[in-house]
Amino acid sequence: MRTAEVKSLWASGLAAGDGGKEESKVSASGAGEKMADAKPSEGAAGTRGDFPGGFGGAPRREGGAPRGDRERRDRKPRQGARGADEAKEWVPCTKLGRLVKDGKIASLEHIFLFSIPIKESQIVDHFLGKSLQDEVLKIMPVQKQTRAGQRTRFKAFVVVGDSNGHVGLGVKSAKEVATAIRGAIIAAKLEIVPVRRGFWGNKLGNPHTVPCKVTGKCGSVSLRLIPAPRGTGIVAARVPKKLLQMAGYEDCFTSSDGHARTLGNFAFATFHAIAATYGFLTPDLWKETKFSQNPFQLYSEYLAYPKKH
1 MRTAEVKSLW ASGLAAGDGG KEESKVSASG AGEKMADAKP SEGAAGTRGD
51 FPGGFGGAPR REGGAPRGDR ERRDRKPRQG ARGADEAKEW VPCTKLGRLV
101 KDGKIASLEH IFLFSIPIKE SQIVDHFLGK SLQDEVLKIM PVQKQTRAGQ
151 RTRFKAFVVV GDSNGHVGLG VKSAKEVATA IRGAIIAAKL EIVPVRRGFW
201 GNKLGNPHTV PCKVTGKCGS VSLRLIPAPR GTGIVAARVP KKLLQMAGYE
251 DCFTSSDGHA RTLGNFAFAT FHAIAATYGF LTPDLWKETK FSQNPFQLYS
301 EYLAYPKKH
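With UniProt numbering applied, the sequence shown has no gaps in its numbers, which climb one by one up to 309 at the end.
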């Protein structure tokens with residue numbers, strides 16, 4: 001009896017399943033006829049019925065313009081976009097920057113006279129402007145070993161100068177080359193120094209060479225600058241020649257010692273030698289200098305209460 005009951009239940013289940021299949025077939029065929037008879041909606045792509053189009057045929061919006069033709073002119077430039085920083089007005093962060101922007105300081109020499117450190121590159125741009133030129137000396141990859149592996153960055157050496165008594169040298173490392181160059185330019189502007197020029201023999205015409213023999217050193221590299229007669233030109237390697245030209249020298253002899261193939265040390269040795277031209281007190285600088293008040297003391301009230309002035 002038990003086996004017979006199981007067989008009867010199994011037979012009834014099969015019958016119910018066949019009926020369900022027939023009903024599903026009928027419903028599917030009816031839906032297919034309805035979909036075939038229905039007209040495609042306006043704006044739909046191809047013969048997809050009421051379904052939205054794919055990548056090539058997106059439905060249009062109420063205004064009639066497709067999604068791909070959105071107006072982008074009214075969008076604000078994203079933060080960090082190229083050209084956004086140039087359009088911004090300089091807002092000084094230091095006391096020196098405030099005095100420079102308000103016209104209280106006449107020139108860079110006034111800043112150098114009181115040995116005031118320059119913390120903003122816009123101060124140099126304010127005085128030198130378009131006359132300031134920059135050139136990349138070298139871009140080299142540097143690596144650091146970490147737990148995750150070697151981390152590679154790029155190191156850039158950049159020299160800036162106006163070829164008229166001002167030169168600076170900067171170095172910066174970053175993950176991207178453009179970021180390294182931009183940072184090196186800013187560092188070079190902050191390290192800008194005045195350059196002293198002199199004569200080889202008679203003091204005729206404009207100063208054209210170094211006023212005396214000076215030496216600069218960095219690492220194992222030592223560079224000596226020697227005055228040269230007018231018309232000699234700059235007798236130097238590629239790196240020191242570029243720095244001397246940016247400084248405004250026309251004639252100069254050079255003598256180097258050490259591993260000059262290390263470009264970074266070679267460039268900084270030249271830069272230190274150029275900066276040393278104002279560190280040597282020659283007889284023409286013996287006369288007494290009448291110093292005025294420091295700009296921070298002279299405009300102390302202006303800096304403390306800027307709204308009153």
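Think of the CB as a built atom: it goes at the ideal place given N, C-alpha and C, for glycine as much as any other residue.
For D134, the secondary structure class from DSSP, reduced to helix, strand or coil, is strand. Put simply, the segment 242-253 touches the segment 158-175. At least three CB pairs are less than 8 Å apart. Pairing V159 with H126 gives a Cβ-Cβ distance that is not under 8 Å. Look at the segment 129-215 and you find these whole runs of beta strand (DSSP E), each 3 residues long or longer: 133-146, 149-161 and 166-174.
Distances from the CA of K290 to each of L113, L96 and K242 were compared; the closest alpha carbon is that of L113.
Contact holds between the segment 217-226 and the segment 249-264, because three or more Cβ pairs, one in each stretch, are under 8 Å apart. Between T277 and P211, the gap from beta carbon to beta carbon is short of 8 Å. For P141, same chain residues with a beta-carbon under 8 Å away, outside a window of 5 residues either side, are T152, R153, F154 and K155 in chain order. When beta bridges are read from the DSSP output, I234 appears opposite C252. V100: member of the alpha helix (DSSP H) spanning K95 to K101, first to last residue. Around the beta carbon of A304, fewer than 16 other beta carbons lie within 10 angstroms, which makes this residue exposed. By the Cβ-count criterion, G231 is exposed, with fewer than 16 other Cβ atoms from all chains shown falling within 10 Å of its own Cβ.
Rounded to the nearest angstrom, the gap between the Cα atoms of I274 and L285 is 18 Å. In this chain, the beta strand (DSSP E) harbouring L225 covers V221 to I226.
DSSP places K241 in the helix class (H, G or I) of the three-state scheme. Straight through space, the alpha carbons of E89 and K241 are spaced by roughly 36 Å. Under the 10 Å beta carbon count, G161 is surrounded by 16 or more other beta carbons and is classified as buried. Counting along the chain, Q293 sits inside no alpha helix (DSSP H), nor does DSSP assign it H or E at all.
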